[in-house]
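First the structure, in the form of structure tokens, and then the observations on it.
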Amino acid sequence: MIASFVNRLISASNPGPIATTLQSLSTVQGKAPMIFPDVDAQAIARVVAEWTGVPVGNLVEDELRSLLTLESALAARVVAQDDAIAELAESLRTAKAGLKSEHAPLGVFLLAGPSGVGKTETALALADLLFGGEAALTTINMSEYQEAHTVA
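Residue numbers (UniProt numbering): 1 to 152.
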């Protein structure tokens, strides 16, 4: 199909066949095109978003700006955890800058403390700000494993 399209495009002496071919291609591709006439940042972002499930807006957005404002965005959602937020933001900026191993995750964080201090909200905010939503977060309720017989 593609080779036929290219050959018809090259050999066309008037624009009629080109318009017909473009219309045929558009009909075949439907709403989710597999072939882009121009490969630009938006086309790449759409493909990567489809593969990863991360929204296109988050892929195209200026990542540097979002990392620089990460600390203030987290502080707006999590109250009275300035030191923890600063450490998280610094670790993530270091990882995104390529100063950590490319085979390692962006970070592995253990948020510990008594109930109500913002552990869950911090994790939810990070998932939302960096990965496009809370659906990117895996939560394990460890209170289910408090008794000795539930661990085994």
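Glycine included, every Cβ here is placed at the ideal spot set by N, Cα and C. Since the structure is predicted, the reported quantities are computational estimates derived from the model, not experimental observations.
- Contact between the region 73-82 and the region 110-129 is present: 3 or more CB-CB pairs across the two stretches fall below 8 Å.
- From the listed residues Pro114, Leu25, Val28, Val108, the smallest Cα separation to Ala127 is found for Val108.
- In the three-state reduction of the DSSP assignment, Leu126 falls in the helix class.
- Under the 10 Å beta carbon count, Ala89 is surrounded by 16 or more other beta carbons and is classified as buried.
- Our two residues, Ser66 and Gly113, have alpha carbons roughly 27 Å apart in a direct line.
- Nearest neighbour of Leu70 by Cα position, chosen from Glu50, Leu92, Trp51, turns out to be Leu92.
- DSSP places Glu50 in the helix class (H, G or I) of the three-state scheme.
- Distances from the alpha-carbon of Ala73 to those of Ala125, Ile140, Lys100 put Ala125 closest.
- For Thr138, no alpha helix (DSSP H) encloses it, and the DSSP letter there is neither H nor E.
- Rounded to the nearest angstrom, the Cβ distance from Leu106 to Ala95 is 4 Å, consistent with a contact under 8 Å.
- When C-alpha distances from Ala86 are compared across Thr122, Tyr145, Ala136, the shortest belongs to Thr122.
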